[in-house]
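Asks:
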Amino acid sequence: MRDTPKGGAGFSGAASSDGKPVSIGTVLTLLREEFPEVTISKIRFLEAEGLVEPKRTPSGYRKFTPADVERLAAVLRMQRDHYLPLKVIREHLDALERGEQVSLPAPAAPSRDLVEGVHDPGAERPTAARIGRAELLAAAEVDEAALADWESYGLIVPHADGGYDIEAVTVAKLVADLGRFGLEPRHLRAVKAAAEREAGLVEQVVAPLRRHRNPQTRAHAEATARELATLSVRLHAALVQSALRVRL
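So the number in the numbering used here is just where the residue sits in the sequence shown, counting from 1, plus 18.
#1: Going by the CB atoms, is the gap between K210 and G150 shorter than 7 Å?
#2: Counting pairs of Cβ atoms below 8 Å between the region 164-181 and the region 190-197, do you hit three or more?
#3: Using a Cβ-Cβ cutoff of less than 8 Å, which residues in the same chain neighbour I58 once the five nearest sequence positions on both sides are dropped?
#4: Rounded to the nearest angstrom, what separates Q97 and D179 at their Cα positions?
#5: Which residues does DSSP pair with R89 in a beta bridge?
#6: Find out if the Cβ-Cβ distance for the pair R89, V120 is shorter than 7 Å.
#7: Look up D179 in the DSSP assignment and say whether it is helix, strand or coil.
#8: Could you check the C-alpha separation between A244 and V258 for me, to the nearest Å?
#9: From L154, E216, L262, pick the residue whose C-alpha is nearest to that of T248; which is it?
#10: Roughly how many angstroms separate the alpha carbons of V106 and V93, rounded to a whole number?
#11: What do you get for H205, buried or exposed, if any count of 16 or more other CB atoms within 10 angstroms of its CB means buried?
#12: By alpha-carbon positions, which one of P226, I174, A186, R236 ends up nearest to R207?
#13: What is the rounded straight-line gap between the Cα of R148 and the Cα of S77?
#14: Starting from R62, trace the alpha helix (DSSP H) in both directions and tell me its first and last residue.
#15: On a Cα-Cα basis, can you pick out the residue from A256, R263, T242, A261 that is closest to F63?
#16: State buried or exposed for E55, treating a residue as buried only when at least 16 other CB atoms are found within 10 Å of its CB.
#17: What number of angstroms, rounded off, separates the C-alpha of Y182 from the C-alpha of L201?
#18: Count the other CB atoms within 10 Å of the CB of I61; is the residue buried (16 or more) or exposed (fewer)?
#19: Using the DSSP secondary-structure output, state which residues sit across from V40 in a beta bridge.
#20: Take R198 as the anchor and find which of V224, G218, E221, V160 has the nearest alpha-carbon.
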């Protein structure tokens, strides 16, 4: 088991009076004292990402040591206070385990909008990377007719200014690849509808975080949404494989 990085909140003494491993439910109770938004799904997600490695009983139940609880707290703290992606957090913890001296960026300060709960309608909000129609056609290696067809079925949706999110390139390439197997845009409407339903479920979870009084919790909503989206994609892939009885 990995060593616990220094600087934790002191969960080890509360985890178990005799130092024995505890269940995921107990871990959740301990962590929620400092991280009220944490869930069992979140803990499982961090395990799947390799950030914690609990032992398993013969019957398959997770058992977390005090060091595991401290490590989880360190991960959650770096997400909350520094908004670091999991890859960077993993590298930071691995460096600590090697005995290297590492430093974290200064805690991120909430924006004026988050602190005061207001927004100037005239101010420009930061937006994700956008590309134009010509760039999309070139990147996806498709013609205008194909793109227009995909748009007519709602598989790709431009913004009001005519631009596209960068994810549109991935969608376009996948739609084109599926087309080579005879799957037309009309066949993919069900996939689009399922994706929208999954997005709706994610939104139900993160909506309370966005309305939270704590500005850091509101800012953390986007990271939570990304993690839920990753879990949703994994579940979708597993269900498709199970339904087809194949290993992709």
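By construction, the Cβ of each residue, glycine as well, lies at the ideal position given by its N, Cα and C atoms.
Replies: So, to answer that:
#1: no
#2: yes
#3: I42, G43, L46
#4: If you draw a straight line from the Cα of Q97 to the Cα of D179, it comes to about 34 Å.
#5: Per DSSP, none; premise fails for R89.
#6: no
#7: coil
#8: Sequence check: residue 244 is Arg here, not Ala. Taking the straight line from one Cα to the other gives about 21 Å.
#9: E216
#10: Straight-line Cα distance between these residues: approximately 10 Å.
#11: Counting other Cβ atoms within 10 Å of its Cβ, H205 stays below 16 and is therefore classed as exposed.
#12: I174
#13: 49 Å
#14: 58-66
#15: T242
#16: buried
#17: 23 Å
#18: buried
#19: F82
#20: The residue with the shortest Cα to Cα distance from R198 is V160.
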